[in-house]
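Position one of the sequence shown corresponds to residue 13 (our numbering), numbered consecutively onward.
Glycine residues also receive a C-beta, built at the ideal position from the N, C-alpha and C atoms.
Presented below is the structure to which this report refers.
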Amino acid sequence: MKAVFLDRDGVINEDRADYVKNVAELKIFSYVPDAVRRLNDAGFKVYVVSNQQGVAKGLIREENLMDIQAEIAGQVEAAGGNISKFYYCRHMASEKCSCRKPEPGLLLSAACEHGIGLDESYMIGDTQRDIIAGKTAGCKTILVLSGLLTPQEIERFECKPDFTATNLSKAVDYIINSAR
Ligand SMILES: [Mg+2]
Ligand SMILES: [Zn+2]
Numbered sequence: 013m014k015a016v017f018l019d020r021d022g023v024i025n026e027d028r029a030d031y032v033k034n035v036a037e038l039k040i041f042s043y044v045p046d047a048v049r050r051l052n053d054a055g056f057k058v059y060v061v062s063n064q065q066g067v068a069k070g071l072i073r074e075e076n077l078m079d080i081q082a083e084i085a086g087q088v089e090a091a092g093g094n095i096s097k098f099y100y101c102r103h104m105a106s107e108k109c110s111c112r113k114p115e116p117g118l119l120l121s122a123a124c125e126h127g128i129g130l131d132e133s134y135m136i137g138d139t140q141r142d143i144i145a146g147k148t149a150g151c152k153t154i155l156v157l158s159g160l161l162t163p164q165e166i167e168r169f170e171c172k173p174d175f176t177a178t179n180l181s182k183a184v185d186y187i188i189n190s191a192r
């Protein structure tokens with residue numbers, strides 16, 4: 013079983029510095045539903061792995077997190093695609109848990125639960141944390157430029173991705189072409 017792990021904010025939807033706190037603040041990029049369907053068609057299970065410390069801070073209510081999840085899942089399903097499961101770290105950075113990216117815990121949990129071969133899987137994210145988590149888990153990594161980081165910040169990454177793409181749709185093009 014091979015999988016593609018997607019970060020959420022900055023990959024699936026527009027990120028915002030004060031957290032995406034409810035569906036009203038959720039802006040899903042238009043290409044996302046079709047991109048997920050194309051991954052499914054190419055034989056990949058798709059999982060979302062997302063840090064949401066806004067929950068621990070009391071800024072994001074659990075029901076709103078679930079509403080956001082349902083909206084993303086629904087749009088993907090309407091396009092004929094499927095996200096198998098959403099995994100969240102709801103801890104504060106200061107808690108030093110094993111699931112908050114750059115730790116690989118969310119990916120390892122998914123791999124363990126679903127029998128995923130991490131070496132044939134990909135992590136797609138918009139920050140250094142995502143790339144480190146993917147590499148630590150043993151996945152190939154793709155950085156997308158649809159988040160909030162500046163080119164100067166990306167230039168300073170110590171842990172380089174295997175590939176950099178404009179956005180999720182282009183990352184999926186790369187994965188599908190690599191599989192041929
Ligand atoms: Mg992100
Ligand atoms: Zn955590």
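query	result
Check: T139 C-beta below 7 Å from any heavy atom of ligand 1	yes
Check whether G159 and D46 have beta carbons under 8 Å apart	no
Where R192 falls, given that 16 or more other Cβ within 10 Å makes a residue buried	exposed
Residues surrounding ligand 2 [beta-carbon distance to nearest heavy atom under 5 Å]	C101, H103, C109, C111, R112
Sheet register partners of A149 (DSSP bridge)	Answer by DSSP bridge pairing: none, since A149 is not bridged.
Alpha carbon of F175 to alpha carbon of T153, nearest angstrom	7 Å
Sequence-distant residues of its chain with Cβ nearer than 6 Å to C111 (five each side left out)	C101, G117, L118
F113 - containing alpha helix (DSSP H), residue span	Checking the displayed sequence, the identity of residue 113 turns out to be Lys instead of Phe. Where K113 is concerned, there is no enclosing alpha helix (DSSP H), given that its DSSP letter is neither H nor E.
Among K33, S133, S62, nearest to F56 - alpha-carbon criterion	S133
Three-state secondary structure (DSSP) of M135	strand
Cβ separation of Q65 and L77, assumed to be a contact under 8 Å, to the nearest whole Å	About 12 Å separates the two Cβ atoms, so there is no contact after all.
Cβ contact check for the region 174-190 and the region 29-45: 3 or more pairs under 8 Å	yes
E107 versus E75 - alpha carbon distance	23 Å
Per-residue burial, G92 [other beta carbons within 10 Å of its own, 16 or more giving buried]	exposed
Residues sharing a beta bridge with N34, DSSP	Per DSSP, none; premise fails for N34.
C-beta contact flag for F17 and M135 at 8 Å	yes
Closest residue to I84 among D21, I144, F169 (Cα-Cα distance)	D21
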